[in-house]
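> 266 is the number that our numbering gives to position 265 of the sequence shown; each next residue is one higher, with no gaps.
Structure in structure tokens, see below.
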Amino acid sequence: MEKLKKKAISLEAFICLGLLAGSFITTAKIMGPVNMINTVMGTAHDLLINTVFFIMGVAVLAGALSEILSEFGVISLINKLLYFVIYPLYRLPGASALAIVTTYISDNPAVLSLAANKEFRKYFKNYQFTALTNLGTSFGMGFIVSAFMVAQGGLMKENLFKAVLIGNLGAVVGSIISVNLMLHYSKKYFKSIGESEEEKEIEKFVLDTREIRRGSIFGRFLEAMLEGGKVGVDMGIAIIPGVIIICTTVLMLTNGMPQGGYTGAAYEGIGILPIIGAKLNFILKPLFGFTSPQAIAFPITALGAVGAAIGLVPQFIKEGVIGPREIAVFTSMGMCWSGYLSTHVAMMDSLKYRELTGKAIFSHTIGGLAAGMAANFLYSLFV
Numbered sequence: 002m003e004k005l006k007k008k009a010i011s012l013e014a015f016i017c018l019g020l021l022a023g024s025f026i027t028t029a030k031i032m033g034p035v036n037m038i039n040t041v042m043g044t045a046h047d048l049l050i051n052t053v054f055f056i057m058g059v060a061v062l063a064g065a066l067s068e069i070l071s072e073f074g075v076i077s078l079i080n081k082l083l084y085f086v087i088y089p090l091y092r093l094p095g096a097s098a099l100a101i102v103t104t105y106i107s108d109n110p111a112v113l114s115l116a117a118n119k120e121f122r123k124y125f126k127n128y129q130f131t132a133l134t135n136l137g138t139s140f141g142m143g144f145i146v147s148a149f150m151v152a153q154g155g156l157m158k159e160n161l162f163k164a165v166l167i168g169n170l171g172a173v174v175g176s177i178i179s180v181n182l183m184l185h186y187s188k189k190y191f192k193s194i195g196e197s198e199e200e201k202e203i204e205k206f207v208l209d210t211r212e213i214r215r216g217s218i219f220g221r222f223l224e225a226m227l228e229g230g231k232v233g234v235d236m237g238i239a240i241i242p243g244v245i246i247i248c249t250t251v252l253m254l255t256n257g258m259p260q261g262g263y264t265g266a267a268y269e270g271i272g273i274l275p276i277i278g279a280k281l282n283f284i285l286k287p288l289f290g291f292t293s294p295q296a297i298a299f300p301i302t303a304l305g306a307v308g309a310a311i312g313l314v315p316q317f318i319k320e321g322v323i324g325p326r327e328i329a330v331f332t333s334m335g336m337c338w339s340g341y342l343s344t345h346v347a348m349m350d351s352l353k354y355r356e357l358t359g360k361a362i363f364s365h366t367i368g369g370l371a372a373g374m375a376a377n378f379l380y381s382l383f384v
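Given below as structure tokens:
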């Protein structure tokens with residue numbers, strides 16, 4: 002995205018300096034300056050070694066699997082099967098199924114490569130096209146989040162497959178609400194500017210052909226697997242800044258002083274978020290089923306980066322603050338929101354509909370909250 006020009010020294014420079022200095026001084030007063038620095042470095046290092054590389058491993062395996070499924074036509078098959086349920090739920094053309102599948106096995110911006118394709122775009126009315134951002138984000142990194150959560154079953158010593166499946170269903174509920182809200186706002190917007198499109202002739206979206214690699218079946222399998230794994234490596238590297246910076250900050254705001262006082266060890270903190278969570282517990286417990294105020298840290302982090310949010314989960318499990326119900330809710334909200342605050346602006350700008358960014362963010366906020374509540378309700382119903 003093209004950067005704007007601004008006066009070299011402005012008020013925001015002093016505000017930024019004041020906020021940073023205030024944050025560091027306040028934290029240093031509570032923990033001690035040396036302990037604070039040691040905790041920051043220790044937490045960042047532990048997250049890199051024990052969390053980031055694990056997520057990267059999951060991303061490599063997920064990338065390889067998704068590329069194999071694409072190479073041998075399984076994704077095309079899924080797309081055709083999903084066609085018949087897309088319009089009744091989302092009021093979008095069947096082509097949208099491809100957006101769901103591609104973002105589920107990769108990340109939110111994957112929908113932009115589809116949106117740039119004229120053959121894909123022609124099936125959408127203008128007000129439907131703007132909802133692609135919300136649809137894609139609702140399923141962004143879904144496969145990686147789900148695989149990561151299932152893998153935590155070993156740490157929790159419990160099979161989490163059912164909880165993660167319920168989380169996926171909750172995310173579907175959230176996506177339906179988010180997309181339909183966005184369609185409502187975008188339809189009004191285009192009507193207000195006199196660009197409301199007439200009903201197009203309904204066409205069935207069918208992918209008659211697909212691209213494949215040259216060579217034997219075994220050669221194509223190997224090439225697809227390795228190329229998909231490489232995409233996973235790129236994704237794993239891309240999440241490193243978010244996981245280390247955001248998780249370190251959130252964990253220090255979440256964890257409190259250990260018994261015996263601060264030592265400068267990893268995962269110590271000042272415990273502000275649990276205090277806020279305790280004040281909101283009368284809302285959080287019935288809506289999302291959180292048994293600990295600390296759990297509020299996950300959805301807050303998922304607003305900006307779901308890769309960072311899932312990085313919180315292993316530590317929460319070790320501390321015993323979450324169970325399978327929270328895993329279901331985390332999967333649902335993490336998948337549905339998937340860092341939308343950090344991607345929505347750029348994605349709407351790429352689609353050339355910057356004016357609707359606020360409506361897209363509002364719609365998706367409601368969708369994510371609904372996803373969490375749906376997962377909590379479904380968990381109570383089926384488990």
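Idealized CB from N, CA, C, for every residue including glycine.
Since the model is a prediction, treat every value here as computed from it, not as a measurement.
1) So for Gly33, helix, strand or coil by DSSP?
2) With 16 as the cutoff for other CB atoms within 10 Å, does Gln316 come out buried or exposed?
3) Can you name, in chain order, every residue of its own chain whose Cβ lies under 6 Å from the Cβ of Gln295, other than the five neighbours on each side?
4) Measuring only the C-alpha atoms, how far is Glu356 from Gly143?
5) Compute the Euclidean distance between the alpha carbons of Ile213 and Gly19, then round it to the nearest angstrom.
6) Pick from Thr131, Tyr84 and Ala63: whose alpha carbon is nearest that of Phe191?
7) Using the rule of at least 16 other Cβ atoms within 10 Å of the residue's Cβ for burial, across every protein chain shown, is Cys248 buried or exposed?
8) Distance, Cα to Cα, Pro94 vs Ile76?
9) For Ser381, count neighbouring C-beta atoms within 10 Å of its own C-beta (all shown protein chains included) and say buried if the count is 16 or more, exposed if not.
10) At 4 residues or longer, and completely inside the region 65-127: list those alpha helix (DSSP H) runs for me, N to C.
11) Expressed to the nearest angstrom, what Euclidean distance is found between the alpha-carbon atoms of Val207 and Lys319?
12) In angstroms with no decimal places, state the Cα-to-Cα distance between Ala267 and Leu48.
13) Since I believe Ala111 is in contact with Thr104 (beta carbons under 8 Å), could you give me their beta-carbon distance rounded to a whole number of angstroms?
14) Put Met142 into one of helix, strand or coil per three-state DSSP.
15) Return the chain-ordered ranges of every alpha helix (DSSP H) run that is complete within the region 255-331 and spans a minimum of 4 residues.
16) Between the Cα of Val346 and the Cα atoms of Thr138, Gly243 and Thr40, which residue gives the shortest distance?
17) Any idea if Thr134 is buried or exposed, counting beta-carbon neighbours within 10 angstroms, 16 or more meaning buried?
18) Let's see if you can read the secondary structure: which residues bound the alpha helix (DSSP H) around Ser11?
19) Measuring only the C-alpha atoms, how far is Asp235 from Met150?
20) Can you tell which of Thr52, Arg92, Leu182 and Ala225 has its C-alpha closest to the C-alpha of Ser71?
21) Which residues in the same chain as Glu199 place their Cβ atom closer than 6 Å to its Cβ, once the five residues preceding and following it in sequence are excluded?
22) With DSSP collapsed to three states, give me the class of Gly195.
23) Need the endpoints of the alpha helix (DSSP H) that Ser381 sits in, please.
24) Would you kindly work out how many angstroms separate the C-alpha atoms of His185 and Gly168, rounded to a whole number?
25) Count the other CB atoms within 10 Å of the CB of Asp350; is the residue buried (16 or more) or exposed (fewer)?
26) Distance check for Leu12 and Ala376, CA to CA, integer angstroms please.
27) Roughly how far, in whole angstroms, is the beta-carbon of Ala65 from the beta-carbon of Gly230, given that I think they are within contact range, below 8 Å?
28) Could you tell me the distance, in whole angstroms, from the CA atom of Ala263 to the CA atom of Met37?
29) Is the Cβ-Cβ distance between Ile101 and Phe55 less than 8 Å?
30) Between Ala29 and Gly43, what straight-line distance do the alpha-carbon atoms span, to the nearest angstrom?
31) Is it the case that the CB of Thr366 approaches a heavy atom of the ligand GDP more closely than 7 Å?
32) Beta carbon of Gly340, beta carbon of Ile311: below 8 Å?
33) For Pro287, which residues in the same chain have their Cβ closer than 8 Å to its Cβ, ignoring the five residues on either side in sequence?
34) If you measure between the beta carbons of Gly243 and Gly257, is that distance less than 8 Å?
Taking the structure as given:
1) coil
2) Buried: at least 16 other Cβ atoms inside 10 Å.
3) Same-chain partners within the cutoff: Thr255, Pro275 and Val322.
4) Roughly 28 Å separates the two Cα atoms.
5) Each residue's Cα considered, the two are about 56 Å apart.
6) Thr131
7) buried
8) Answer to the nearest angstrom: the Cα atoms are 17 Å apart.
9) Its Cβ having fewer than 16 others within 10 Å, Ser381 is exposed.
10) 75-91, 97-105, 111-116 and 119-122
11) Summary for Val207: the model assigns pLDDT 44, below 50, so the residue's position carries little reliability; its value from the coordinates is reported in the next sentence. About 48 Å.
12) Their Cα atoms are separated by approximately 9 Å.
13) For a cut-off of 8 Å, the C-beta gap from Thr104 to Ala111 is around 5 Å, short enough to register as a contact.
14) coil
15) 273-280, 282-289, 298-303, 307-311 and 314-320
16) Thr138
17) A residue is called buried when at least 16 other Cβ atoms come within 10 angstroms of its Cβ; Thr134 meets this threshold and is buried.
18) It is not in any alpha helix (DSSP H) - Ser11 carries neither H nor E in the DSSP assignment.
19) 21 Å
20) Ala225
21) Any answer about Glu199 is weak, because its pLDDT of 48 lies below 50 and its placement is not dependable; what the coordinates show is given next. Cβ neighbours of Glu199 beyond the five flanking positions: none.
22) coil
23) Thr358 to Phe383
24) 26 Å
25) exposed
26) 44 Å
27) 4 Å
28) Looking at the sequence provided, one finds Tyr at residue 263 rather than Ala. Answer to the nearest angstrom: the Cα atoms are 9 Å apart.
29) no
30) 16 Å
31) Looking at this structure, you won't find the ligand GDP or any other ligand, since it has none at all.
32) no
33) none
34) no
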